[in-house]
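What follows is a set of notes on a single structure, which appears directly below.
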Amino acid sequence: ILKKLMQYFPQEGWITRVHKVSDSDREAADRDMPMPVFVFVFTKFKKMPQMTNKILEVSLDGTDTMQRLPSEDDVMKAVKERQHYAMLRQQLQKRGLEGESVSLELFSSSGCASVPKYVLHVVDTDTVRAADRQFAVFIIPQGREVEWLFGTNAGRR
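In the working numbering, each residue's number is its place in the sequence shown (first place is 1) plus 48.
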């Protein structure tokens, strides 16, 4: 559906906005639908010769702040990233990851897009799991990420 929407409306000169619906009312641990809900707003303008740039905006963080993206592919990528995050979050909530290794690579929105700015390793164990779902983050000192303690699954456990 997203691909069809992005193929038609921006090419016809419509302003395209994608909003992620806030899921604060669905924050229960056992949500029936883990996937995020998006609202697409298309605004039609009279075609003007001086308006050559497509206007593609997204608001995926739950705020009213819109971020302008340069292409339809970037919009689709942003929506898919939110969907992948929601699936991973649901997977982490539903079952433990004992013995499994899950890593998340976070990239800077500006700068080099091929090198991750942060790499998060999810280390989960049933023996320490808190009932209130608290967690901790350990920040690896720069330059030490290749050491055994930080760079291997056994060291992180």
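Where is the CB? At the ideal position from N, CA and C, for every residue including glycine. As the structure is a computational prediction, the values presented were derived from the model and not from experiment.
Output yes or no for whether 9 Å exceeds the beta carbon distance between V69 and F90.
No; because the gap between Cβ atoms is not below 9 Å, this pair is not in contact.
Label D78 either buried or exposed according to how many other C-beta atoms from any shown protein chain fall within 10 Å of its C-beta, with 16 as the threshold for buried.
Because D78 sits at a pLDDT of 46, beneath the cut-off of 50, its placement in the model cannot be relied upon, and the following sentence gives the value as read from the coordinates. Classification of D78: exposed, given that the 10 Å Cβ count is below 16.
Assuming the contact rule is C-beta atoms closer than 8 Å, Q115 and V106 should be a hit. Round their C-beta distance to whole Å, please.
Between Q115 and V106 a beta carbon distance of about 5 Å is seen, short of the 8 Å cut, so the two are scored as contacting.
Under a three-way DSSP split, which group does R192 fall into?
In the displayed model, R192 falls within coil according to three-state DSSP, outside both helix and strand.
Between the beta-carbon of P84 and the beta-carbon of Q55, is there less than 9 Å?
Contact: no.
Inter-residue Cα distance where the pair is E60 and V171:
For E60 and V171, the distance between alpha carbons rounds to 47 Å.
Counting only the same chain and skipping the five closest in sequence on each side, list residues whose C-beta sits under 8 Å from that of F93.
Leaving aside the five residues that flank F93 on each side, the residues in its chain whose CB is nearer than 8 Å to its CB run, in chain order, G61, W62, I63 and M99.
Which two residues bound the contiguous beta strand (DSSP E) that contains R68?
Correcting the residue type first, residue 68 is Lys in the shown sequence and not Arg. For K68, the uninterrupted beta strand (DSSP E) segment begins and ends at I63 to K68.
Do K142 and F155 have their beta-carbon atoms positioned less than 9 Å apart in this structure?
No; because the gap between Cβ atoms is not below 9 Å, this pair is not in contact.
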